[in-house]
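First to last, the sequence lines map onto chains P and F.
Residue numbering for the first sequence follows the numbering used here, beginning at 1 and increasing consecutively.
Residue numbering for the second sequence follows the numbering used here, beginning at 1001 and increasing consecutively.
Even glycine gets a Cβ: it sits at the ideal position worked out from N, Cα and C.
There are 2 protein chains.
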Amino acid sequence: MMTQGFTLWFTGLSGSGKTTLSREMEGVLLERGMKVELLDGDVVRTNLSKGLGFSKGDRDTNILRIGFVCNLLTRNDVVAIAAAISPYEEIRQKNRQLIGRYVEVYCKCPLDILEERDVKGLYKKARLGEIKNFTGVSDPYEEPSNPEVIVETDKETVEQCVAKITRTLELLGYIPVIGNGAEYSAEEEEEIKRRLKALGYI
Amino acid sequence: MMTQGFTLWFTGLSGSGKTTLSREMEGVLLERGMKVELLDGDVVRTNLSKGLGFSKGDRDTNILRIGFVCNLLTRNDVVAIAAAISPYEEIRQKNRQLIGRYVEVYCKCPLDILEERDVKGLYKKARLGEIKNFTGVSDPYEEPSNPEVIVETDKETVEQCVAKITRTLELLGYIPVIGNGAEYSAEEEEEIKRRLKALGYI
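Following this line, the structure appears as structure tokens:
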């Protein structure tokens, strides 16, 4: 099957569900016969970002570099999935401009819940000053101004989030429509359409 | 047309013709209907290598990083063309292993001829010590041990080099065969086949 590429970009605080959802979406898209490359934290740190730190400049370089690679893939009919905190709106917008077929998923979760869970113990270390420039604690996170999808990962299940992202991609015409929509309530479908209308897509 | 990807990797000293030949080959492959991405010096410096210097470690990181991106493209049916001095055999071999469908073109030209031409004035600066770690002058260049193509850019014209690379790709089965072979002498054809036989391809 020949399909056009696009970039599915996950942004959000550490622990907000980017990696989990990006892996789930990789599976969904592979099942639909797409070519998919997942650029998640580990892949990027090992292969693209070695030598970069967490200053504003280095973070920007990192995010633009991931965007560059996503663009190479996207324009060659591959779906690129990126999962990166990507805290700065200006830089995300630069990638959006570059890539064109760019779908932003904002993994939204209140900071106090992330700190309470603190699966990796990173927030605690950040509060103690053992990690510097930690997004949300000692470094800013700018909320996306026009994400194609917002998933509230403290309220929605993984399945719900995946369904919402998938349905958005279907409505954008980026992936083939399958199934009978039974996974979504009429209400959820309405919410997705409202957002895409507001962004001028449909 | 659906074709499989591969990586065409140009290695050689500064001024040996990598950029010229990589651009020519980009044109040839686009004409044959392939998807092509050219990762040449400028593209790489701007988008992938910012922050890296010319130490052994940084050079290796740079070449492996380009190889990582070439591999992403190659396994998604794109032809990736890289033009990079890539002086170390071990690192080139790592990329070869990773990528699999990897065709190495060694742009061979004696150092004294490159120094005499010195189009960009870099060799002079390197001799004066104004540029440190300059490959061929103050940093090593390890000749490739098993390149698919050797072009002697002080003796062969651009057209001859392009014909030799193109014919090699045809014989490898990586690009469709077109034309009547009139561009190559029987002798040149024999040379190409001898090399591919020695490497175990045919």
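Query	Result
Closer than 8 Å to chain P by CB, F:K1056	no
Nearest-angstrom Cβ-Cβ length linking P:T74 and P:I99, presumed shorter than 8 Å	5 Å
DSSP three-state assignment for P:I113, whether helix, strand or coil	helix
Proximity winner among F:N1076, F:F1068, F:A1080 and F:A1084, relative to F:G1041 (alpha-carbon distances)	F:A1084
Chain-ordered residues of the region 1013-1042 of chain F with a beta carbon less than 7 Å from chain P	K1035 and E1037
Between the CA atoms of P:E24 and F:K1050 - distance to the nearest angstrom	32 Å
C-alpha distance - P:V137 paired with P:F10, whole-angstrom precision	20 Å
Under 7 Å from the C-beta of F:L1052: neighbouring residues of chain P	G51
Within chain F, partners of P:N47 - CB distance below 8 Å	L1064, R1065 and F1068
C-beta neighbour in chain P for F:T1061, strict 8 Å	yes
Residues that DSSP places opposite P:I150 in a beta bridge	P:Y106
Buried or exposed by the 16-neighbour rule on C-beta atoms within 10 Å, applied to F:S1022	buried
CB contact flag (P:R167, P:G15, <8 Å)	no
Nearest residue (CA-CA) to F:L1030, options F:V1069, F:N1095 and F:I1081	F:I1081
Minimum Cβ-Cβ distance from P:L72 to chain F less than 8 Å	yes
Chain-ordered chain F contacts of P:V78 [CB-CB under 9 Å]	L1072, L1073, N1076, D1077 and V1078
Exposure of F:Y1174, with buried meaning 16 or more beta-carbon neighbours within 10 Å	buried
CB contact flag (P:L171, P:I202, <8 Å)	yes
Own chain partners of F:L1196 with C-beta closer than 8 Å, once the 5 adjacent residues on each side are dropped	E1148, T1168, L1171, L1172 and I1202
Terminal residues of the alpha helix (DSSP H) in which F:I1091 lies	E1089 to I1099
Beta carbon of P:D60 nearer than 8 Å to that of P:Y106	no
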